[in-house]
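Numbering (my numbering), first residue to last: 17 to 158. The beta carbon of each residue, even a glycine, is placed where N, CA and C say it ideally should be. As the structure is a prediction and not an experimental result, all values here were calculated from the model. Below: the structure, in structure tokens.
Following this line, the structure appears as structure tokens:
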């Protein structure tokens, strides 16, 4: 038996133990959009996880959808509401998200702006941010 055999066996044992104790890889999360205030604080964002677009606002996940156009329109709506309140915000968006949203609405034969108007009508959102309408649970859509 050579002198190096024990060193190789010990190295192999350490490698196996390290692999056993390593955390399992979680689902990959790809950031695609972020809404930040003037100080650079994160107000909201969109990530893609396991094939679904997920929208977060105020540090909480507020929804998910297979529709890139829907989550992007909702984040842009949040940015507009902040601007109406006099806050300076910056919305950054990946080209992958923008392309997916534009492709989705183009397949319906409308522009992204038209989609935003349709979404506001669908959600029955009043243009004035001071009025908050609460829908009955039977009408809430996820």
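> How should residue 77 be labelled, buried or exposed, when 16 other C-beta atoms within 10 angstroms of its C-beta is the threshold for buried?
Replying inline: In summary, residue 77 is exposed, with fewer than 16 beta-carbon neighbours lying within 10 Å of its beta-carbon over all protein chains present.
> Pick from 23, 114, 36, 54: whose alpha carbon is nearest that of residue 106?
Replying inline: 54
>> Let me check one thing: in DSSP terms, what residues is residue 129 bridge-paired to?
In response: Residue 129 pairs with nothing; no bridge assigned.
>> Helix, strand or coil for residue 157? Go by DSSP, reduced to three states.
In response: The predicted position of residue 157 is uncertain, since its pLDDT is 45 and thus under 50; no value can be drawn from it.
> Going along the chain, which unbroken runs of the beta strand (DSSP E) with 3 or more residues stay wholly within the stretch 76-130?
Replying inline: With a minimum length of 3 residues, the continuous beta strand (DSSP E) runs that stay inside the stretch 76-130 are 76-81, 105-109.
> Would you call the stretch 125-133 and the stretch 75-89 touching, i.e. three or more CB-CB distances under 8 Å?
Replying inline: yes
> Mind checking residue 59: buried by the 16 CB within 10 Å criterion, or exposed?
Replying inline: buried
>> I need the DSSP call for residue 140, collapsed to helix, strand or coil.
In response: coil
> Taking the Cβ atom as the reference point for each residue, do residue 47 and residue 61 lie within a distance shorter than 8 Å?
Replying inline: Cβ atoms of residue 47 and residue 61: closer than 8 Å.
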